[in-house]
Amino acid sequence: MVGDNFIINIIYPKALLLLGTALISFLWLIYFLYTTLKQGIKKFKFLYYPYFIYMIFIILWILSNAYFHTELLVINGEKWAIYMAKVANIFSYMAFSSAFHFSCRLISEKKNNRIKLWQSLLLFLLTPYAIYVNCIGNYTVVHVDILSPSNFTIHFGSSTPFFFSTLIIFTSLSVLNLFNFRRKTNNKINSIKSTYMSLGIIIFMTSTASIHIFSTYIFKDFSLTWLPPVLSITEVLLIGYAALFCRFYSWRYLSYIAINTLSSIIIFFLPITIVSLLLNMNNSIFILIWSLLYGTLIDKVWNFFSQYSSLFIYREKTIPSDKILDLSNDFQSSPQQALESLTQLLNIEKKKIKIVSSMFSKKIYENYIEKYNSVLVFDEIEQYVKNFDDSNIKFIYEQMSRYENAIIIPLYDNHNSISQLFVSPHKNNGDLYSNEEIHALQKLLKKAQIYINYQSHIHHSQAMAKSIAHEMRSPLAQVQLHLENLANFTTNMSLSTEIKNEIQRGIDAVQHGNQLIDIILREVNQTLNNQKNMAPFSITELLNLAIHDFAYESEEKKERVSISSDIDFKVYVNKTLFDFIIFNLIRNAIYYFDSSPQSRIEIELTSGLKDNQLHVTDYGPGIEPQIVHRIFDEFFTYQKKGGSGLGLSYCKRAMKLFGGDIQCQSVYGEYTRFTLTFPHVKQEEQLAQPQIDVAEIPPPERLESAQTISASQKQIALVTDDNATQRALAKLYLESLHFTVYEAKNGKEAVEMVHHNTIDIVFMDVQMPVMDGLKACTIIKETHPTLPIIALSGESGEDEIAQIKSTMDGWLIKPTTRQLLQQTVLKWLEMDSLQTVNHINTPKPQANTIDTL
Numbered sequence: 001m002v003g004d005n006f007i008i009n010i011i012y013p014k015a016l017l018l019l020g021t022a023l024i025s026f027l028w029l030i031y032f033l034y035t036t037l038k039q040g041i042k043k044f045k046f047l048y049y050p051y052f053i054y055m056i057f058i059i060l061w062i063l064s065n066a067y068f069h070t071e072l073l074v075i076n077g078e079k080w081a082i083y084m085a086k087v088a089n090i091f092s093y094m095a096f097s098s099a100f101h102f103s104c105r106l107i108s109e110k111k112n113n114r115i116k117l118w119q120s121l122l123l124f125l126l127t128p129y130a131i132y133v134n135c136i137g138n139y140t141v142v143h144v145d146i147l148s149p150s151n152f153t154i155h156f157g158s159s160t161p162f163f164f165s166t167l168i169i170f171t172s173l174s175v176l177n178l179f180n181f182r183r184k185t186n187n188k189i190n191s192i193k194s195t196y197m198s199l200g201i202i203i204f205m206t207s208t209a210s211i212h213i214f215s216t217y218i219f220k221d222f223s224l225t226w227l228p229p230v231l232s233i234t235e236v237l238l239i240g241y242a243a244l245f246c247r248f249y250s251w252r253y254l255s256y257i258a259i260n261t262l263s264s265i266i267i268f269f270l271p272i273t274i275v276s277l278l279l280n281m282n283n284s285i286f287i288l289i290w291s292l293l294y295g296t297l298i299d300k301v302w303n304f305f306s307q308y309s310s311l312f313i314y315r316e317k318t319i320p321s322d323k324i325l326d327l328s329n330d331f332q333s334s335p336q337q338a339l340e341s342l343t344q345l346l347n348i349e350k351k352k353i354k355i356v357s358s359m360f361s362k363k364i365y366e367n368y369i370e371k372y373n374s375v376l377v378f379d380e381i382e383q384y385v386k387n388f389d390d391s392n393i394k395f396i397y398e399q400m401s402r403y404e405n406a407i408i409i410p411l412y413d414n415h416n417s418i419s420q421l422f423v424s425p426h427k428n429n430g431d432l433y434s435n436e437e438i439h440a441l442q443k444l445l446k447k448a449q450i451y452i453n454y455q456s457h458i459h460h461s462q463a464m465a466k467s468i469a470h471e472m473r474s475p476l477a478q479v480q481l482h483l484e485n486l487a488n489f490t491t492n493m494s495l496s497t498e499i500k501n502e503i504q505r506g507i508d509a510v511q512h513g514n515q516l517i518d519i520i521l522r523e524v525n526q527t528l529n530n531q532k533n534m535a536p537f538s539i540t541e542l543l544n545l546a547i548h549d550f551a552y553e554s555e556e557k558k559e560r561v562s563i564s565s566d567i568d569f570k571v572y573v574n575k576t577l578f579d580f581i582i583f584n585l586i587r588n589a590i591y592y593f594d595s596s597p598q599s600r601i602e603i604e605l606t607s608g609l610k611d612n613q614l615h616v617t618d619y620g621p622g623i624e625p626q627i628v629h630r631i632f633d634e635f636f637t638y639q640k641k642g643g644s645g646l647g648l649s650y651c652k653r654a655m656k657l658f659g660g661d662i663q664c665q666s667v668y669g670e671y672t673r674f675t676l677t678f679p680h681v682k683q684e685e686q687l688a689q690p691q692i693d694v695a696e697i698p699p700p701e702r703l704e705s706a707q708t709i710s711a712s713q714k715q716i717a718l719v720t721d722d723n724a725t726q727r728a729l730a731k732l733y734l735e736s737l738h739f740t741v742y743e744a745k746n747g748k749e750a751v752e753m754v755h756h757n758t759i760d761i762v763f764m765d766v767q768m769p770v771m772d773g774l775k776a777c778t779i780i781k782e783t784h785p786t787l788p789i790i791a792l793s794g795e796s797g798e799d800e801i802a803q804i805k806s807t808m809d810g811w812l813i814k815p816t817t818r819q820l821l822q823q824t825v826l827k828w829l830e831m832d833s834l835q836t837v838n839h840i841n842t843p844k845p846q847a848n849t850i851d852t853l
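So for the sequence shown, UniProt numbering puts the first residue at 1; every next one is plus one.
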C-alpha cells in the first residue's frame with residue numbers, strides 16, 4: 001500500500017521526465033564503465049574516473065530536482081524541501097567540479113594525466129567550502145514556500161552568490177580547457193572530440209546558469225528548474241561519446257536528423273494541441289487513436305520531411321549517405337562503374353578505391369576486424385597506437401600509413417568468412433570519414449558483396465583462361481609451323497592427293513583449335529555488350545563465307561551442308577558474332593552425323609513484311625520435347641560429353657544484340673530447326689560501312705586476283721615475340737613473300753633493331769618480358785612515326801584490344817596465316833608491282849572470329 005502511494009505521488013509529467021533522464025544517464029554510465037574497463041583499467045584510472053564521478057553526481061542531481069515536481073514536496077513539507085535543495089546544490093557542485101577535473105586530465109601532458117598544481121589547489125579549496133555552506137546553517141537556502149508540485153519558491157542565503165560563482169568558474173575553466181585542447185592538437189579526431197565536449201558543456205551550463213542562477217536567484221522564478229537537469233543529458237552523452245569513440249557524425253547530418261525529428265514531433269503533437277484547445281472531447285481517447293494512426297504513417301512523415309530537410313542542409317533532396325546506399329544497383333550491373341561513382345560521392349581521387357582479394361599483411365587486418373568486429377579507420381588506429389602498447393595495432397598503423405589507406409572494410413563470402421577487403425584512401429580535402437558515411441559504406445558493401453564476389457570470380461576465370469589460352473597457342477603454333485614446313489617441303493614432290501589433303505586437314509585442325517581459344521576468351525571477357533562493331537552485310541555473302549570457313553573433318557561432311565535459298569537481304573550484325581552463331585549450329589548438328597548417317601543440314605532464307613529469317617534445319621535425331629525449352633539456358637548440355645553448355649545461350653545473347661532472336665523447333669527422331677529472326681535494316685544503317693579488322697579481311701583465295709610481292713621488291717620486316725615458335729612461323733610466312741626478316745625477343749631489342757636498321761614493317765607481340773610491345777611501339781613511333789607496326793598478339797580483353805588499336809597500326813591474332821600477313825603488308829607498304837599468287841595447297845586463313853563451344 002505504501003509502495004502504491006509512493007508511485008501515485010511521483011506520477012507527474014515533469015517528475016517522470018526527470019526520472020526518465022536519470023534512467024538513461026544510469027544506463028549510459030553502465031555502458032561507459034563497461035567499455036572503458038574493456039579498453040584497460042589504467043586508462044579508466046588515470047583519465048576517465050573523473051567523468052565517472054561526474055556521471056554519478058549528475059544522476060543524483062537530476063533525482064534531487066525531480067523531488068520538487070512530485071507530491072512528496074507537499075507531503076513532506078518545508079524541512080525536507082530545504083534539505084533536498086541543499087543536497088541538489090552539493091550534487092550540482094560535485095558534477096561541475098568533476099567535469100572541470102576531467103577536462104584538466106584530458107589536456108594534461110603529464111604522466112598518468114596528472115593535473116597541474118593550481119588546478120588541484122582550486123578543487124581542494126573550493127570543494128570543502130561548497131560542502132560547508134550547504135550543510136551548515138542557512139548560508140545558501142533559508143526557507144522554501146510550497147504551494148503545489150512544481151509550484152514553489154526558494155529563498156537564498158548570504159553565501160549563495162559566491163557559491164553560484166564557483167559553478168560559473170568551473171564551467172568557464174572547463175570550456176577554456178576544451179578550447180585549448182582543440183587549439184593545441186594537430187589531430188583531427190581530437191579536434192572533433194573537443195567540439196563535441198564543448199558543445200555539450202555549453203548547452204548544459206548555459207541552461208543551468210540562465211535558469212538555476214539568474215531566473216531563480218534574481219527573478220525568483222522556479223517554473224523552469226526542471227529544464228537544466230533534462231538538458232544535462234546532452235552534456236552526459238556528448239562528453240561520454242567523445243571520450244569513448246573516435247568516429248563521429250558530421251554536423252550537417254546531425255542537423256538534418258534534428259530538423260527531421262523536430263518536424264515529426266510537431267506533426268504528432270499539433271493535432272493533439274488543436275483538439276485540446278478548440279474541441280470539447282475526451283483527449284485520452286483521441287490521443288490513443290491518433291498515436292496508433294501516426295505509428296502507421298511515421299515512415300511517410302519522415303520521408304516527406306526528409307527531402308526538405310536535406311534540401312535545406314545539403315542543397316539536394318537526397319543526403320550523401322543515401323546516395324551511397326543507392327549505388328547497390330550499380331554494383332549489380334558494373335562494380336567498376338559503381339566504384340567510380342563512389343569516388344565522386346566521397347571526394348576521392350579516381351581509381352584510388354580498391355577491392356582486393358589479397359594484400360600484404362591481410363591476415364593481420366582480418367584478425368583485428370574479427371576481434372573488434374569493426375572496420376579499420378586510420379585515424380582511429382592512430383588514437384589506439386597512442387593509448388595502447390599493442391604491436392599488431394602499431395603494425396597495422398604503419399602499413400595503413402605507408403600505403404595511405406584511410407579505411408578498410410571487410411567483405412564476406414557465403415561462409416561468413418572475409419573474402420576481400422574494400423580499401424579507400426584519404427579524401428582529397430583532408431576531411432575525416434563521417435560515421436554516417438562509414439555506416440552507409442558497410443551497408444552498401446553488405447548488399448553488393450555478392451556481385452563483388454561474383455566479379456572477383458570472373459576476373460580469376462579470365463586470368464586463368466588467358467593463361468591457358470597462351471599456353472595452348474604455343475604448342476598449336478609449333479604444330480602449325482611443322483605442318484607448314486611439311487606442306488612447303490611436299491609442294492614440288494609428286495605425292496598423292498590424299499597425303500596433301502591430310503596435311504591440309506592438320507592445318508585446318510590447328511586453325512579450328514585457335515578459333516576455339518578465341519571463343520573461350522571472348523566468353524570469359526564478357527565482350528558481348530555493345531554494338532560498336534556492327535554494320536550492314538548481305539546475309540548470303542555472310543553465310544557462304546561462314547560455311548566455307550568452318551573447319552570440317554572431311555569433305556564428305558562438308559557436302560552434307562547446303563543452302564537451298566536464292567533470296568538475299570541485309571542484316572545489321574557483328575560479323576564475328578554472326579560467324580560464331582553459324583559455326584555453333586553447324587558444329588552441334590555435325591556432332592550427330594556419325595550416329596545418323598543419313599542426316600544433313602539445310603539452310604534456308606525467308607523474307608517477310610515484319611522481319612527476315614534464317615532457318616537452319618538438321619535432319620538428325622532431334623530433341624526430346626521436355627528438353628527443347630531448356631536448350632538456351634546457360635550451362636545446359638544435351639547428350640554431348642565435354643560440352644560447357646554456353647554455346648546456344650551465347651547465340652541467344654548475340655541475336656538479342658542484333659535486335660533479333662533465335663528459336664528452336666524440334667520433332668524427336670526427325671529434325672531440329674533453329675530459326676534466326678533479323679529486323680529489317682534501316683536506311684541509315686545501310687549507309688554504314690562494315691567495320692572489319694585487318695585480321696577479318698577475306699583471304700586471297702576469295703579475291704578475284706590475289707597478289708603478292710615480287711622478289712625484285714624485297715622488303716625488310718621485323719618480327720618481335722618472346723616465343724621462338726611464333727617468330728619462326730611468322731618468319732616462314734614472310735620469307736615466302738620474299739621478305740628479309742629480322743627477329744627480336746622483346747620490345748627493348750625491337751627498339752634497338754629499328755634504330756640501327758632500315759625496317760619497312762614491324763610485327764609486334766604485346767606481352768613480353770623486359771619491355772612489352774605497347775611501350776616499345778610508343779618509343780619507336782617517336783622517331784619513326786610512319787613505320788607501320790602491326791600487333792601480332794593473342795589478347796582478347798576489351799581493354800587490351802583498345803590499347804592495341806590506339807597504339808599500333810593494325811592487329812592480327814597469332815598464330816596468323818600467310819594470307820593475312822600478305823594482305824597486311826600489301827595494305828601498309830602499297831606495292832606497285834604485284835603478281836598473282838600461285839600456291840596449290842594454301843592453308844585457310846585464321847580470321848579474327850569465334851567458333852562453337
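Glycine residues also receive a C-beta, built at the ideal position from the N, C-alpha and C atoms.
Between residue i and residue j, what straight-line distance do the alpha-carbon atoms span, to the nearest angstrom?
i    : j    : result
P597 : R560 : 10 Å
D326 : L444 : 8 Å
L476 : L483 : 10 Å
I603 : V571 : 16 Å
N544 : P410 : 55 Å
T740 : T786 : 20 Å
D330 : P425 : 21 Å
I7   : A15  : 11 Å
L254 : S310 : 11 Å
G295 : L173 : 45 Å
A440 : V385 : 26 Å
Q626 : S291 : 58 Å
In its own chain, which residues sit with a C-beta less than 7 Å from the C-beta of residue i, not counting the 5 before and 5 after it?
i    : result
Q480 : I507, V510, L729 and P815
Y552 : K558
F222 : F152, T153, I154 and T216
L19  : A66
R702 : Low local confidence applies: a pLDDT of 36 at R702 is under 50, so the model's placement there is unreliable, with the coordinate-based value given in what follows. Counting only Cβ-Cβ distances below 7 Å, and skipping sequence neighbours, we find nothing.
N138 : G157
Per DSSP, residue i is paired with what?
i    : result
H155 : H143
E602 : S562 and T617
D661 : T677
S405 : Checking the sequence shown, residue 405 turns out to be Asn, not Ser. DSSP, once it has assigned bridges, lists P425 as partnering N405.
E572 : Looking at the sequence itself, residue 572 is Tyr, so the reference to Glu does not match. The partner list for Y572 (beta bridge, DSSP) reads P536.
W811 : A791
Is the beta carbon of residue i sitting closer than 8 Å to the one on residue j?
i    : j    : result
A93  : L167 : This sequence places Tyr at residue 93; Ala is not what is there. Yes; because the gap between Cβ atoms is below 8 Å, this pair is in contact.
L72  : V230 : no
I407 : Y368 : no
V766 : E800 : yes
T675 : D618 : no
D722 : M655 : no
N347 : N435 : no
L342 : I319 : no
M668 : E624 : One detail in the question is off: residue 668 reads as Tyr in this sequence, not Met. Taking 8 Å as the Cβ cut-off, Y668 and E624 qualify as a contacting pair.
Skipping 5 residues on each side, what residues in its chain have a beta carbon closer than 6 Å to that of residue i?
i    : result
I267 : V301
S194 : L178, F181 and R182
H460 : none
L126 : T166
E404 : P425
Worksheet item: Pairing CB atoms from the region 108-121 with CB atoms from the region 143-161, are three or more of them under 8 Å?
Response: no
Discussion item. With a threshold of 8 Å, are at least 3 pairs of Cβ atoms found where one atom belongs to the region 91-110 and the other to the region 58-65?
Written reply: yes
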